[in-house]
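K.L.:
Dropping a structure here in structure tokens format, bear with me for questions.
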Amino acid sequence: MTWRPVAPEAWRPRGILNLEPSAWTALRRAGSTSVVAGPGAGKSEFLAQRAAYLLETGLCKAPQQILAISFKTDAAANLAARVRQRCPPELAGRFTSLTFDAFTKSVVDRFHAAIPQHWRPTRPYDIGFPTRRMVEEELSRIRGMAQPAWQTRVAEFFPDRFETQDIGGHRLAVGAPQQLSTAEEFAIYHWLHHQLFGARVSKLTFVTLNRLAELVLRANPRIVRALRMTYPCVFVDEFQDTSFAQYDFLLSTFSQGGTAVTAVGDHKQRIMGWAGARQDAFERFEADFGAHRVNLLFNFRSSPELVRVQHFVARALDPQSPQIQAQAAGQLDRDVVQVWKSNSTAAEGQRLAQWIAADMAARQKQPRDYVLLVRQRPDQFEEELQPGFAAVGLSLRNESRAVGRTNVQDLMVDEAGSVALAALRLAAGQRSATAWLKLSSAVYAIRGADEADELLRDRADRDIQDFLGRLGQDIRGEAPSTELAAEVTRRIFAFLDVAAIRRTFAAYTRNDLLEIMIEGSSLQLQHAAAESATWRECIDRYVGTNDIPMMTVHKSKGLEYDTVFFVGLDDRSWWSHTPRNPEGIATFFVALSRAKQRAIFLFCERRGARERVSELYQMLTDAGIEEVEVN
């Protein structure tokens, strides 16, 4: 069936009934737009609808594409999946969804030869993740090299902010540096020079890759013009988390040439300051890009009572915060938001586990309708709480738990891992149209079988069926084991072709990400197999179907749950919080806003006092929230 453009005035939303009036305004804007979308506003849905609008009306003409840039890998993957649901395949194929890191790294890799030689890394190069200790040691080395007049200034750099702000806010000179005239220039030059040329193989951080990518485009106008022609429409999700380096790259690449940039986020959810997020990202964007601000006013996630309480916190972050309109119905008559107070971790854990078990039975809920959020150190809370959950037949799953060189949550949203899991489901005998679509679509992409090439697709389908038949025959008669799990993972990725995956999916242009995820998939499946009697049970354990998730607030962004428990609202977990600190209040706001029907905050006297967090409790008190003793 041939696709025909729809007139802009006749276009209607895809897959949903309608958009709120403010969303219609933002969707139809031709220029750059700053969309302030609070929790539950449907940011991903709005971007998917705007993509459908631009593609289906022909406002983004073939072969031009839409580029969507996200902060996290899972957000990029989720947005791409949503666009595939909303658009015909021939249009969805013109929507590219990447993280900032993946995009800037792809620029460096693709245009490596265009990098000025004095800044050009080796090929290949390694990716570095320096710890605070490593940054301190490197700054100490640089200070020792500096002339005496500069040593004091170099010593004043903050290790936590040096790379994200000082390096991230610095543009590299196109020409070879002739003279370093300040302590700042000296420190930045030697920091970068050590990464580029300090060893046989360059070891670059993502901030350094970002700076190199910005340099490539600024030094080569033809390349940047080609990028702007390819991507006349750019989306940036979770814009409040944009770092100095990321914003500068965006500014250098897309602020000229007529590119329409749609930045979506919420300044009230800015909790990534520790990672270098700009405090003024929206304001700078509106000034630099001439962007018009639009506030979305609907909350499709939380019940009216939750939205009412959220507004008390929102006003502490922004006194001008508009009143949000709840669109979700409340299912509970009382106890929508509470504070539970206990005098021991044992009492807290016991009450928490028993309450969840009873609520699941009474309301017919599943384990993953609940979440436990903590500010930091989830491993410690897992150790404290797991026995109480086990006592009532529940399992707690720490989504931040390390799996090889990745973690559970990142592994679950990884594209290659998801394709391998789909293959395992089908081989194990599960009849799943979703799994078949996931696997076959990936194989088509890997083999370059577009929709018009029916012969190549038929051959791919036969190969998939033959492979699943052989694998299924080998595993269905065998109970899961660690050895078999490792072998199954190896065979699936051998069939998919690791080299072809790397060529096909832009996210794996990072040197070792695919290997990290394959290793993680194998280890996670082995762990699940060791505790399972059947392959169905093994798959459920792998994905955590019957586990109650626990994660940090930072990891919960973009997620939603029927009931949210915020464990550890005390001075020990919030040791760095100071009164009126916007990032701390924003963290509290993000936790509260994950809830659809209920939010409960837990305080245990054994863990510490609550003087540092007294203002957070005062907000709940001002909202009329009850405090309950649970000993």
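Position 182 (the sequence shown) corresponds to 182 in full-length UniProt numbering; numbering is contiguous.
Beta carbons are placed, not taken as given, at the ideal position from N, Cα and C, and that holds for glycine.
From a predicted model like this one, the values you see are computed outputs, not experimental measurements.
For V236, which three-state DSSP category applies?
P.N.:
Mapped onto the sequence shown, residue 236 falls at position 236. In the structure shown, V236 sits in a strand (DSSP, three-state: E or B).
K.L.:
Short check: CB of A237 to CB of A75, under 8 angstroms?
P.N.:
Here residue 237 is taken as the residue at index 237 of the sequence shown, counted from 1. Here residue 75 is taken as the residue at index 75 of the sequence shown, counted from 1. Here the sequence assigns Asp to residue 237, which means Ala is not the residue at that position. Closer than 8 angstroms, so yes.
K.L.:
Within the same chain, show all residues whose beta-carbon is closer than 7 angstroms to that of E214, passing over the 5 residues directly before and after it, in chain order.
P.N.:
Position 214 of the sequence shown, counted from the start, is the residue given in the question as residue 214. The residues are R171, D248, F249 and S252.
K.L.:
Rounded C-beta distance between R301 and P39? I'm assuming under 8 angstroms.
P.N.:
By one-based count along the sequence shown, residue 301 stands at place 301. By one-based count along the sequence shown, residue 39 stands at place 39. Contact holds; Cβ gap of about 6 angstroms.
K.L.:
Work out the CA separation of L421 and G429 for me, nearest whole Å.
P.N.:
The residue labelled residue 429 in the question sits at position 429 within the sequence shown. The residue labelled residue 421 in the question sits at position 421 within the sequence shown. If you take the alpha carbons of G429 and L421, they lie about 13 angstroms apart.
K.L.:
Among all the DSSP beta bridges, which residues are the ones paired with C604?
P.N.:
Start at 1 with the first residue of the sequence shown, and residue 604 comes out as number 604. DSSP output for C604 lists S342 as bridge partner(s).
K.L.:
Taking a contact to mean a Cβ-Cβ separation below 8 angstroms, would you say W436 touches L426 in this structure?
P.N.:
Translated into the one-based positions of the sequence shown, residue 436 becomes position 436. Translated into the one-based positions of the sequence shown, residue 426 becomes position 426. Yes, Cβ-Cβ distance for W436 and L426 is below 8 angstroms.
K.L.:
Measuring straight from C-alpha to C-alpha, what distance separates D241 and T534?
P.N.:
The sequence position of residue 241 within the sequence shown is 241, counting from 1. The sequence position of residue 534 within the sequence shown is 534, counting from 1. Each residue's alpha carbon lies about 43 angstroms from the other.
K.L.:
Measure the alpha-carbon distance for V371 versus G388 and round it to whole angstroms.
P.N.:
Along the sequence shown, one-based indexing puts residue 371 at 371. Along the sequence shown, one-based indexing puts residue 388 at 388. Spanning the two alpha carbons is a distance of roughly 16 angstroms.
K.L.:
Can you name, in chain order, every residue of its own chain whose Cβ lies under 6 angstroms from the Cβ of R82, other than the five neighbours on each side?
P.N.:
Residue mapping note: residue 82 aligns to position 82 of the sequence shown, counting from 1. Cβ neighbours of R82 beyond the five flanking positions: S44 and A48.
K.L.:
Is the beta carbon of T33 closer than 8 angstroms to that of V234?
P.N.:
For the purposes of this step, residue 234 is identified with residue 234 of the sequence shown, where counting begins at 1. For the purposes of this step, residue 33 is identified with residue 33 of the sequence shown, where counting begins at 1. It is not a contact, given that the beta carbons lie outside the stated cut-off.
K.L.:
Using C-beta distances below 7 angstroms, list every residue in its chain close to A586, excluding the 5 sequence neighbours before and after it, in chain order.
P.N.:
In the sequence shown, residue 586 corresponds to position 586, counting from 1. Answer for A586: K268, Q269, R270, I271 and L317, listed in chain order.
K.L.:
Helix, strand or coil for K61? Go by DSSP, reduced to three states.
P.N.:
To locate residue 61, count along the sequence shown from 1; it is residue 61. It is coil, neither helix nor strand.
K.L.:
Residue ranges of each beta strand (DSSP E) run of no fewer than 3 residues wholly in the segment 46-98, ordered along the chain?
P.N.:
Those beta strand (DSSP E) runs which fall completely within the segment 46-98 and span 3+ residues are 66-70.
K.L.:
Can you list, in chain order, the residues of its chain with a C-beta nearer than 8 angstroms to that of N220? Leave out the 5 residues immediately preceding and following it.
P.N.:
Mapped onto the sequence shown, residue 220 falls at position 220. Once the five neighbours on either side are set aside, the close Cβ partners of N220 are F111 and A114.
K.L.:
Kindly indicate which three-state DSSP category F186 falls into: helix, strand or coil?
P.N.:
Here residue 186 is taken as the residue at index 186 of the sequence shown, counted from 1. Three-state DSSP puts F186 in a helix.
K.L.:
If you follow the beta strand (DSSP E) that S140 is part of, which residue opens it and which one closes it?
P.N.:
For the purposes of this step, residue 140 is taken as the residue at position 140 of the sequence shown. Segment R132 to M145 is the alpha helix (DSSP H) holding S140; no beta strand (DSSP E) there.
K.L.:
Mind the definition here: the segment 282-298 touches the segment 572-586 only if three or more C-beta pairs lie below 8 angstroms; say whether that holds.
P.N.:
Contact between the segment 282-298 and the segment 572-586 is absent, because fewer than three Cβ pairs lie under 8 angstroms.
K.L.:
For the alpha helix (DSSP H) containing R228, name the first residue and the last one.
P.N.:
As a first step, residue 228 must be located in the sequence shown, where it is residue number 228. Its alpha helix (DSSP H) spans residues P221 to T230.
K.L.:
Who are the near neighbours of R447 in its chain, counting only those whose CB is closer than 8 angstroms to its CB and skipping five residues on each side?
P.N.:
Here residue 447 is taken as the residue at index 447 of the sequence shown, counted from 1. Cβ within range, chain order: L456, A460 and A500.
K.L.:
Below 8 angstroms between beta carbons: does that hold for R143 and Q151?
P.N.:
Walking along the sequence shown from the start, residue 143 turns up at place 143. Walking along the sequence shown from the start, residue 151 turns up at place 151. Contact flag set, yes.
K.L.:
DSSP three-state label for G265, please.
P.N.:
The residue you call residue 265 lines up with position 265 of the sequence shown. Correct three-state label for G265: strand.
K.L.:
Pick helix, strand or coil for M1, following the three-state DSSP scheme.
P.N.:
Here residue 1 refers to the residue found at position 1 of the sequence shown. Because the pLDDT of M1 is 48, which lies under 50, any placement of that residue in the model is unreliable, and the question is left without a value.
K.L.:
Can you list, in chain order, the residues of its chain whose CB lies under 7 angstroms from that of A326, leaving out five sequence neighbours each side?
P.N.:
Counted from its first residue, the sequence shown places residue 326 at position 326. Around A326: N299, S302, S303, P304 and V307.
K.L.:
Measure the Cβ-Cβ separation of I127 and D414 and say whether it is below 8 angstroms.
P.N.:
In the sequence shown, the residue the question calls residue 127 occupies position 127. In the sequence shown, the residue the question calls residue 414 occupies position 414. No, Cβ-Cβ distance for I127 and D414 is not below 8 angstroms.
K.L.:
Which class does L204 belong to by DSSP, given the choice of helix, strand or coil?
P.N.:
As a first step, residue 204 must be located in the sequence shown, where it is residue number 204. It is a strand residue.
K.L.:
Can you list the alpha helix (DSSP H) stretches of 4 or more residues lying completely in the segment 355-421, in chain order?
P.N.:
For the segment 355-421, whole alpha helix (DSSP H) runs of length 4 or above, ordered along the chain, are 378-391 and 408-412.
K.L.:
At which residues does the beta strand (DSSP E) containing residue 640 begin and terminate?
P.N.:
Not covered by the structure: residue 640. The range shown for the chain is 1 to 631.
K.L.:
Quick check: the Cα distance between M1 and L468, rounded to an integer number of angstroms?
P.N.:
Residue 1 sits at position 1 when you count from the first residue of the sequence shown. Residue 468 sits at position 468 when you count from the first residue of the sequence shown. Bear in mind that the predicted position of M1 carries a pLDDT of just 48, short of 50, making it too unreliable to give a figure here.
K.L.:
Can you tell me whether DSSP reads F111 as helix, strand or coil?
P.N.:
To locate residue 111, count along the sequence shown from 1; it is residue 111. Of the three classes helix, strand and coil, the one that applies to F111 here is coil, per DSSP.
K.L.:
Over what stretch of residues does the beta strand (DSSP E) that includes Y561 continue unbroken?
P.N.:
Against the sequence shown, residue 561 aligns to sequence position 561. That run of the beta strand (DSSP E) goes Y561 to V567.
K.L.:
By the three-class DSSP mapping on this structure, what secondary structure does E629 have?
P.N.:
Counted from its first residue, the sequence shown places residue 629 at position 629. E629 falls in the strand class under three-state DSSP.
K.L.:
On the criterion of 16 or more Cβ atoms from any shown chain inside 10 Å, does M517 qualify as buried, or is it exposed?
P.N.:
One-based indexing of the sequence shown puts residue 517 at position 517. Counting Cβ neighbours within 10 Å, M517 comes out buried, since at least 16 surround it.
K.L.:
Taking all protein chains shown into account, do 16 or more other C-beta atoms lie within 10 angstroms of the C-beta of G168, making it buried, or fewer, making it exposed?
P.N.:
Position 168 of the sequence shown, counting from 1, holds the residue named residue 168. By the neighbour-count rule (16 or more Cβ atoms within 10 Å), G168 is buried.
K.L.:
Thinking C-beta only, is V392 closer than 8 angstroms to A346?
P.N.:
The residue you call residue 346 lines up with position 346 of the sequence shown. The residue you call residue 392 lines up with position 392 of the sequence shown. Contact flag unset, no.
K.L.:
Is it buried or exposed for residue 653, if we count other Cβ within 10 angstroms and need 16 for buried?
P.N.:
In the structure displayed, the chain extends from 1 to 631; residue 653 sits before or after that span and is not available.
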